[in-house]
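For the sequence shown, my numbering begins at 117 and goes up steadily by one.
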Amino acid sequence: MTERFQNFIDGKWVDAANGTTFDDINPANKTDILGSFPRSDHRDVDRAVEAVKAHFPKWRRVPAPRRAEILFRTGEILVRRKEELAQLMTREMGKVLKESRGDVQEAIDMIYYIAGEGRRLWGETTPSELPDKFAMTLRVPLGVVGVIAPWNFPLAIPTWKLAPALVAGNTAVFKPAEDTPLMGVRLVEILLEAGLPPGVVNLVHGFGEEAGAPLVRHPDVALISFTGSSEVGREVAIACAAEHKRVSLEMGGKNPILVMEDADLDLAVDGTIWGGFGTSGQRCTASSRILVHKKVVKEFADRLLTKAQGLRLGDGLSPSTDVGPVINETQLKRIHGYSKIGLKEGAKLLCGGEIYREGECKKGFFYSPTVFADVTPKMRISKEEIFGPTVAVLPVASLDEAIEVANASRYGLSSAIYTRDINKAFRAIEMLGAGITYVNASTIGAEVHLPFGGIRQTGNGHREGGRQVMDIFTEWKTVYIDYSGKLQRAQIDVS
Ligand code: NAD
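What follows is the structure, given as structure tokens:
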């Protein structure tokens, strides 16, 4: 019997108003159903927004250090339950266990880091241009925040958003991705166990058009914090513009690794394997374009091929697995479609390029790690986000050409350069058009206390992580206090 999970609205676990549900499927074994979840619509969203709106005046008046204590306790529960949550995460979305542990750890890191903001949330003081007058700035909460998350970091990404939202005094409606609703349930349960008053965060499950879009359009939602594809992010931004709503968007990537002729090739290959095939390539920061100096491209491709062919596919819970499944059947077909496109465009398939159905893998959605060589910048496989275990190797003649090719992308999230030449490294740092640049490390591996985000169609100018994240979840209030006891006029009384 499939376990039935619910929405959390106004302090109660409830079904969708329309009574319908959807199943949560283990991508490594589609006969393993983790549970059924409410397929919510605008009625559930309306109720959730109403509930968290009602709780906002009280929550904003809880002193920030007290709000932060709840987050610290949340972090402690996550530490205690890390292994159990990691196992469940692998079952729900497929990535190998050590990466799921990393996802839970990232949530812990973010929660502890942001909880520290409870005793900071710094504003500024500055002199006034008039005597007997004091000037300062404060951060104030926005109100109701809508959190819309993807499935690839089902615990980390929601905490990147909910932790700063809550410490700042906002209340939130959280819509997890439809492929990972159970991690959403666990996170909300843990927040409640840590002492979060019911009603401060409400949870609404469901699909994008049915549950996400009504949250985006709702006039009482002050901010939408969205992570997902650039296509959906664009729709979200348009809908928010119509409501004059603040929107923070973290979207897709097509992240380049530059491998120069002087690079440590083994290190660059290791970085490509980790960045290209970790999480089966389903990371916004995945290394999907490898721009290799033509003097070393053959050697690099040979070594990459050897390592890629050695990767073992399987259930992420098995210790011998290197690469888990991809998230669902639609995505599996999409990835395979790109392999066909690559072949048609004339790229050279070095390995993979097929749906993997050996042994136990036939029960799930597995795709063989795929490497294309002789890729050119015009090919679709070097331009479009595939979000699967597919790596394109492009030969380049110089650092300048590599930078030009890297930057000719609609995305601009992460980037990396492998070189032993300090001059080349600094040139790349300066010129690569991306929110993040790594030197002699892969394109993945962000740390929570540094800003995270991208340019062009990857972002809309905000940064999550770091202290910069608080700019998304707070409004600046400027305060003047005149203690002169008389009318003083700025810009006029200037004797
Ligand atoms: P997606 O855009 O399909 O869905 C993301 C979320 O938006 C889901 O919760 C979905 O239900 C919801 N949604 C879909 N349509 C909606 C609509 N019309 N209105 C409101 N909400 C809607 O993305 P995905 O497949 O879940 O995730 C993969 C994408 O996310 C990739 O493009 C990846 O690069 C990106 N991503 C970006 C980052 C980042 O920080 N930049 C991190 C992780 C993933």
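Where is the CB? At the ideal position from N, CA and C, for every residue including glycine. These numbers come from a predicted model, not from an experiment.
With distances taken between CA atoms, Pro-297 lies nearest to Asn-268 out of Val-555, Lys-479 and Asn-268. For Ala-310, the CB contacts under 7 Å within the same chain, skipping 5 residues up- and downstream, are Ile-186, Arg-189, Thr-190 and Ile-193 in chain order. Of the residues assessed, Lys-277 falls on the buried side of the cut-off, its CB having 16 or more other CB atoms within 10 angstroms. Looking at the DSSP output, Trp-592 bridges to Arg-255. Leu-278 sits in a helix when the DSSP states are folded into three classes. Asn-268 has its Cβ nearer than 7 Å to a heavy atom of the ligand NAD. Note on Asn-539: under 16 other CB atoms within 10 angstroms of its CB, so exposed under the neighbour-count rule.
Counting every other CB atom within 10 Å of its CB across the protein chains shown gives Lys-291 a total of 16 or more, marking it as buried. Going by DSSP, Arg-196 is part of the alpha helix (DSSP H) stretching over 180 to 196. For Cys-356, the Cβ stays outside the 7 Å cut-off from all heavy atoms of the ligand NAD. The nearest non-hydrogen atom of the ligand NAD is 7 Å or more from the C-beta of Phe-290. Note on Ala-606: under 16 other CB atoms within 10 angstroms of its CB, so exposed under the neighbour-count rule. With respect to the 8 Å criterion, Thr-437 and Leu-448 are not classified as neighbours on the basis of their beta carbons. Counting the other CB atoms within 10 Å of its CB gives Val-316 a total of 16 or more, which places it among the buried residues. Within the same chain, Lys-291, Gly-328 and Phe-342 come within 6 Å of Ile-264 by CB-CB distance, once the 5 residues on both sides are set aside. For Tyr-527, the beta-bridge partners assigned by DSSP are Arg-572.
A residue is called buried once 16 or more other Cβ atoms fall within 10 Å of its Cβ, and Ile-552 is buried on that count. Annotation for Ser-514 indicates a beta carbon at 7 Å or more from all heavy atoms of the ligand NAD. Distance from the C-beta of Leu-529 to the nearest heavy atom of the ligand NAD is below 7 Å.
The continuous stretches of beta strand (DSSP E) do not include Val-439, and DSSP gives it neither H nor E.
With a threshold of 7 Å, the Cβ atom of Phe-153 does not count as near the ligand NAD, since no heavy atom of the ligand is closer than that. Between Val-507 and Ile-406 a beta carbon distance of about 6 Å is seen, short of the 8 Å cut, so the two are scored as contacting.
Going by DSSP, Ile-406 is part of no alpha helix (DSSP H) but of the beta strand (DSSP E) stretching over 403 to 409.
An exposed status is given to Leu-566, since fewer than 16 other beta-carbon atoms sit within 10 Å of its beta-carbon. Contact annotation: Ala-424 and Ile-457 have beta-carbon atoms that are not nearer than 8 Å. Looking at the DSSP output, Arg-120 sits in a beta bridge with Ser-152.
Residue side-chain check: Ile-502 keeps its Cβ at 7 Å or more from all non-hydrogen atoms of the ligand NAD.
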